[in-house]
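Residue numbers (UniProt numbering): 1 to 102.
All C-beta atoms in this analysis are idealised placements derived from N, C-alpha and C, irrespective of residue type, glycine included.
What follows is a short report on a single structure.
Right, dumping it as structure tokens:
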């Protein structure tokens with residue numbers, strides 16, 4: 001069923017983090033219902049809204065990083081493309097920022 005997808009360690013860690021976040025957010029919502037608030041995003045959001053927006057932003061950041069990885073080899077005369085762990089860390093930082101300040 002998933003043979004088309006390249007299951008590397010970073011991909012597995014990324015999806016595992018998403019599953020853990022969804023479980024954590026479900027428990028948190030059951031313990032303490034959220035209220036809408038206004039952060040730097042141009043709309044009032046709940047925790048779930050910010051998680052969704054943050055996950056989408058993290059996905060786009062990862063895709064952009066992968067897309068520019070080969071270009072970075074050419075531009076900076078690297079021996080190999082930058083590690084995907086860099087994009088993973090950056091995307092998790094972006095997600096945390098959106099969850100906290102969004």
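- Around the beta-carbon of residue 45, 16 or more other beta-carbon atoms lie within 10 Å, marking it buried.
- Taking C-beta separations shorter than 8 Å and ignoring five residues to either side along the sequence, the partners of residue 53 in its chain run 41, 45, 98, 102, following chain order.
- In the DSSP secondary-structure assignment, residue 37 is bridged to 45.
- Between residue 13 and residue 76, the beta carbon gap of about 26 Å keeps them out of contact (Cβ cut-off 8 Å).
- Residue 64 counts as exposed, since fewer than 16 other beta carbons sit within 10 angstroms of its beta carbon.
- By the criterion of a C-beta distance shorter than 8 Å, residue 90 is surrounded in its chain by 61, 65, once the five residues flanking it on both sides are discounted.
- With a contact defined as Cβ atoms closer than 8 Å, residue 94 and residue 57 qualify at about 6 Å.
- In this structure, residue 26 and residue 47 do not form a Cβ contact; the two beta carbons are roughly 11 Å apart against a cut-off of 8 Å.
- By the beta-carbon neighbour count (other beta carbons within 10 angstroms, threshold 16), residue 51 is buried.
- Taken atom to atom, the span from the alpha-carbon of residue 68 to that of residue 3 is near 25 Å.
- Here residue 30 has no same chain residue with a Cβ atom under 6 Å from its own Cβ, once five neighbours each way along the sequence are excluded.
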